[in-house]
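*Asks:* Under the working numbering, the first residue of the sequence shown is numbered 16, with each subsequent residue one higher. In this text, a Cβ means the ideal position worked out from N, Cα and C, and glycines have one as well. As the structure is a computational prediction, the values presented were derived from the model and not from experiment. Handing you this structure, nothing more for now.
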Amino acid sequence: MTIHPGPTDSAPAERQLSERSDPYLEGIVAGTIGAAIIAVWFLIMDTIKGQPLYTPSVLGTVLFRPGGGLLSPENVSVSFEMVLVYTWVHWLVFCVLGGAASLLLRAAERKPDLGFGILLLFVVFEFGFLVVAMLFAEAILRAIAW
């Protein structure tokens with residue numbers, strides 16, 4: 016019996032490769048890129064302001080020492096410990112959000128009807144985050160405003 020080579024169909028191979036790709040790994044990569052961009056932005060803006068690492072230090076102090084800097088975040092001195100702890104949490108949150116986004120995009124690839132709903136979910140999530148930040152963290156936002 017002989018096998019005659021015919022035209023190869025690359026679509027199934029691409030589909031198998033897509034199905035084998037790990038959405039969690041994609042989420043970690045996307046989260047790492049997003050967290051790095053925001054961290055570099057914080058560093059650039061804080062350096063221009065003359066206080067490098069001030070923003071992650073204030074946010075870390077507010078998260079991990081609630082009584083220590085919540086009342087007057089503008090008086091918080093830069094703490095390398097708070098910068099490291101906040102950077103770790105910042106990266107972790109971005110990786111979780113990246114993983115969720117990766118899974119949602121994978122679902123939208125399989126069922127395109129979900130695409131608009133997922134986009135709407137992100138818009139509502141972002142709006143909710145901004146409202147909560149403006150309502151409950153006004154003093155902190157004022158302290159880290161550029």
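Nearest-angstrom Cα distance between residue 98 and residue 115?
*Replies:* Locating residue 98 in the sequence shown gives position 83, where the first residue counts as 1. Locating residue 115 in the sequence shown gives position 100, where the first residue counts as 1. Looking at the two C-alpha atoms, the distance is approximately 26 Å.
*Asks:* Roughly how many whole angstroms lie between the Cα atoms of residue 50 and residue 109?
*Replies:* As a working note, residue 50 is residue 35 in the sequence shown. As a working note, residue 109 is residue 94 in the sequence shown. About 6 Å.
*Asks:* Does the Cβ of residue 61 have 16 or more other Cβ atoms within 10 Å, making it buried, or fewer, making it exposed?
*Replies:* Counting from one through the sequence shown, the residue named residue 61 turns up at place 46. The residue is buried, with at least 16 neighbouring Cβ atoms inside 10 Å.
*Asks:* How many whole angstroms separate the CB atoms of residue 75 and residue 100, which I take to be in contact at a CB cut-off of 8 Å?
*Replies:* Within the sequence shown, the letter at position 60 stands for residue 75. Within the sequence shown, the letter at position 85 stands for residue 100. So it is a contact: roughly 5 Å between Cβ atoms.
*Asks:* Assuming residue 93 is part of the alpha helix (DSSP H), what are its boundary residues?
*Replies:* What you label residue 93 is simply residue 78 of the sequence shown in a count that begins at 1. No alpha helix (DSSP H) contains residue 93, which DSSP labels as neither H nor E.
*Asks:* If we ignore side chains and look at the alpha-carbon of each, how far apart do residue 32 and residue 139 end up?
*Replies:* Mapped onto the sequence shown, residue 32 falls at position 17. Mapped onto the sequence shown, residue 139 falls at position 124. Low local confidence applies: a pLDDT of 47 at residue 32 is under 50, so the model's placement there is unreliable, with the coordinate-based value given in what follows. Taking the straight line joining both Cα atoms gives about 33 Å.
*Asks:* Does the ligand ADP have a heavy atom nearer than 7 Å to the CB of residue 67?
*Replies:* Because no ligand of any kind appears in the structure shown, any question about the ligand ADP cannot be addressed here.
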